[in-house]
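A.B. asks: Pasting a structure here, questions to come.
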Amino acid sequence: MASINQLEDKKSILEQFRETRSRTLEIVKNLETDDYVIQTAFFMSPPKWHIGHVSWIYEAIMNKIDKSYTFYSKEFSEYLNSYYQQFGVPHDKGLRGVVSRPTVEQIFQYFNTINQRVEKFIQSKTLNDEQMKLIIMGFHHECQHQELLVYDLQHLLADQYRPLRKNEIRNQVNVEKKSIHMTGGLYTMGYNGNEFCYDIELPQHKTFLNDYKIDVYPITNEQYLEFIEDGGYDTYKYWLSDGWEKVKDNQWNAPMYWEKISGEWSVRDFLGVRKINPNEPVCHVSYYEADAYCKWAGKRLPTEAEWEKAACWDEEKQEKTIYPWGNEYPTTEKCNLFESYYWGCSNIGTFPKGRSPSGCQHMIGDVWEWTSSEFTGYPGFRSGFDEYNDKWFTNQKVLRGGSFATPNMSIRGSYRNFFRLDERWLFAGFRCAEDI
Ligand SMILES: [Fe+2]
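Numbered per my numbering, the sequence shown spans residues 1 to 436.
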């Protein structure tokens, strides 16, 4: 765990806590009571559950750092525990939507009570580094669930969802899609800052890369449509065996949420029911689809080390930065994250100011990008949090860069997200790499 210099005063911790809690409320502000309860697929969770669960995690944390802490309610703990065996047997994930109690109103009361308890805790205790680290992790955990909540609202409501704030997406003229040459050699990957990061971003370690090429932009809908129209989904030779089975079993013939309306590919999302925008990064594709596209195109997915070097390494200065543009916090001028309030992908080429030293764009925001790397611990990995990240070190691939639903504070170049290879409900796309 990196030191947490910037957050060591209580005021800043309280501010971050309040900011995070109010963002959760902002996302659900315009929902109807009925919306909170429904679970529309086994992989999503009802909004009511998210609101309770992000609060329950603070209880789990307070229980760890203060042995005298007593949980609010046994019933709430059972329902709101996602998968932490150390806190008892969790409620079945696929059955979060068949529970009418605790009620929505009770969950909001709980949310507010936990707010008060955490604030009191922060204000009254002298927090040591370990306690502070866990409290801060509570904010970051909540940010992760805010993003999951947005995935789930897309599944639950899509065009019927009314965000509290929404900004117009800027138009962008067509840009030249090309790839750039990256020089290989020894690259030191991992988090090199001095603020919060997860255990899985550490330790920094050297890895050898051959020279490679990587796309400046993520693959767009226009490019992905060529794959579809060329029979990509009907041609087994592009697919991994497990992926081909998924295509057949689920009758995949396009990214999730695409549908043909009057013979034209359309999508139903927060921006409405609309024709596919050719200049947006393709979104809602599984690892299998990303991999098949690359094979069709005669390319491959980048490894996470290749992705990170293209995003954060300055060859001229021989230094690595936290973000592609440097070490300054993300702004809406540089990338499309949650705080852009676009509720969708921007057009490629919208953020030249977010360009990396190597020339790659949209590395942060818009869509998470699949990499070919297996999700596992870096050499020398040491677990920082019980049952948080490392119990998922099997059968998942790493994604990098964040999406339009990722809050600013929870993304950086070294951040490693992970999902199973067939998952499509997250905001995920990809860019291609090539050997030289
Ligand atoms: Fe969680």
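We treat Cβ as the ideally placed atom computed from N, Cα and C, and that holds for glycine.
Taking just the CA atoms, how far does alanine 405 sit from valine 150?
C.D. replies: The straight-line gap from Cα to Cα measures roughly 7 Å.
A.B. asks: Under the three-state reduction of DSSP, which class applies to alanine 297: helix, strand or coil?
C.D. replies: Alanine 297 falls in the helix class under three-state DSSP.
A.B. asks: Pull up the DSSP beta-bridge partners for lysine 320, would you.
C.D. replies: Looking at the DSSP assignment, lysine 320 forms a beta bridge with Trp313.
A.B. asks: Quick check: does the Cβ of histidine 140 come within less than 7 Å of any heavy atom belonging to ligand 1?
C.D. replies: Incorrect: histidine 140 has no Cβ contact closer than 7 Å to ligand 1.
A.B. asks: If cysteine 345 sits next to cysteine 283, beta carbons under 8 Å apart, how far is it from one beta carbon to the other, in whole angstroms?
C.D. replies: Confirmed, Cβ separation roughly 6 Å.
A.B. asks: Kindly indicate which three-state DSSP category asparagine 408 falls into: helix, strand or coil?
C.D. replies: If DSSP states are grouped into helix, strand and coil, asparagine 408 belongs with the helices.
A.B. asks: Would you say asparagine 364 and tyrosine 329 are within 8 Å of each other, going by their C-beta atoms?
C.D. replies: Correcting the residue identity first, residue 364 is isoleucine in this sequence and not asparagine. Contact: no.
A.B. asks: Can you list, in chain order, the stretches of the alpha helix (DSSP H) that have 4 or more residues and sit fully within the segment 34 to 115?
C.D. replies: Qualifying alpha helix (DSSP H) stretches, in chain order: 47 to 65 and 74 to 80.
A.B. asks: Taking the beta strand (DSSP E) that methionine 182 belongs to, which residues open and close that run?
C.D. replies: Methionine 182 -> beta strand (DSSP E) spans 179 to 182.
A.B. asks: Please classify threonine 371: is it buried, with 16 or more other beta-carbons within 10 angstroms of its beta-carbon, or exposed?
C.D. replies: Counting Cβ neighbours within 10 Å, threonine 371 comes out buried, since at least 16 surround it.
A.B. asks: So does isoleucine 114 have its beta carbon nearer than 7 Å to some heavy atom of ligand 1?
C.D. replies: Flag unset: Cβ of isoleucine 114 not near ligand 1.
A.B. asks: Assess contact between the segment 172 to 185 and the segment 211 to 227, defined as three or more Cβ pairs (one per stretch) separated by less than 8 Å. Is contact present?
C.D. replies: Yes: the two stretches touch, three or more of their Cβ pairs being nearer than 8 Å.
A.B. asks: Span of the beta strand (DSSP E) holding serine 373?
C.D. replies: Serine 373 -> beta strand (DSSP E) spans 368 to 374.
A.B. asks: Is it the case that the CB of histidine 145 approaches a heavy atom of ligand 1 more closely than 7 Å?
C.D. replies: Answer for histidine 145: yes, Cβ within range of ligand 1.
A.B. asks: Under the rule that 16 or more other beta-carbon atoms within 10 Å means buried, what is alanine 41, buried or exposed?
C.D. replies: Alanine 41 should be labelled exposed.
A.B. asks: Which whole-angstrom value is the C-beta distance of aspartate 242 and phenylalanine 385, which I expect to be below 8 Å?
C.D. replies: That pair is no contact at about 30 Å.
A.B. asks: For tyrosine 151, which of helix, strand or coil comes out of DSSP?
C.D. replies: Reduced to three states, the DSSP call for tyrosine 151 is helix.
A.B. asks: Comparing alpha-carbon positions, which option in Asn171, Asp159, Ile61 and Ser100 lies nearest arginine 117?
C.D. replies: It is Ile61 whose Cα lies nearest to the Cα of arginine 117.
A.B. asks: Quick one: measure Cβ to Cβ for tyrosine 58 and glycine 138, integer angstroms, because I've assumed they're closer than 8 Å.
C.D. replies: Indeed they touch by this definition, with Cβ atoms about 5 Å apart.
A.B. asks: Please confirm whether any heavy atom of ligand 1 lies closer than 7 Å to the CB of serine 82.
C.D. replies: Yes.
A.B. asks: If we call anything under 8 Å between Cβ atoms a contact, is lysine 299 one with cysteine 432?
C.D. replies: Yes; because the gap between Cβ atoms is below 8 Å, this pair is in contact.
A.B. asks: Can you tell me which of the three DSSP states histidine 205 falls into?
C.D. replies: Three-state result, histidine 205: strand.
A.B. asks: Determine the DSSP secondary structure at aspartate 422, reduced to helix, strand or coil.
C.D. replies: Here aspartate 422 sits in coil by DSSP.
A.B. asks: Within 10 angstroms of its Cβ, does phenylalanine 419 collect 16 or more other Cβ (buried), or is it exposed?
C.D. replies: Flag for phenylalanine 419 reads buried.
A.B. asks: Return the first residue and the last residue of the beta strand (DSSP E) that valine 398 is part of.
C.D. replies: Per DSSP, valine 398 belongs to the beta strand (DSSP E) from 397 to 400.
A.B. asks: I need the DSSP call for lysine 260, collapsed to helix, strand or coil.
C.D. replies: In the structure shown, lysine 260 sits in a strand (DSSP, three-state: E or B).
A.B. asks: How is the alpha helix (DSSP H) around tyrosine 224 delimited, first residue to last?
C.D. replies: Element bounds for tyrosine 224: 221 to 229.
A.B. asks: Consider the C-beta atom of isoleucine 57 and the heavy atoms of ligand 1; say whether any pair is separated by less than 7 Å.
C.D. replies: Yes; taking the cut-off as 7 Å, the Cβ of isoleucine 57 has a heavy atom of ligand 1 nearer than that.
A.B. asks: Indicate the three-state DSSP secondary structure (helix, strand or coil) for glutamate 304 in the structure shown.
C.D. replies: It is helical.
A.B. asks: Could you spell out the range, first to last residue, of the alpha helix (DSSP H) harbouring valine 247?
C.D. replies: Per DSSP, valine 247 belongs to the alpha helix (DSSP H) from 241 to 250.
A.B. asks: Please state if the CB of cysteine 312 and the CB of threonine 321 are separated by a distance shorter than 8 Å.
C.D. replies: Yes, the Cβ-Cβ distance between threonine 321 and cysteine 312 is below 8 Å.
A.B. asks: What is the residue span of the beta strand (DSSP E) that glycine 185 lies within?
C.D. replies: From DSSP, the beta strand (DSSP E) with glycine 185 extends over 185 to 189.
A.B. asks: Closest Cβ-Cβ distance between proline 379 and chain B: below 8 Å?
C.D. replies: Although the question refers to chain B, the structure presented lacks it and comprises just one protein chain.
A.B. asks: Can you tell me which of the three DSSP states glycine 232 falls into?
C.D. replies: Helix, per DSSP.
A.B. asks: How about phenylalanine 381 and valine 398: do their beta carbons lie closer than 8 Å?
C.D. replies: No, these two residues do not count as a Cβ contact at 8 Å.
A.B. asks: When you compare only the Cα positions, how much space is there between asparagine 167 and glutamate 15?
C.D. replies: Each residue's alpha carbon lies about 25 Å from the other.
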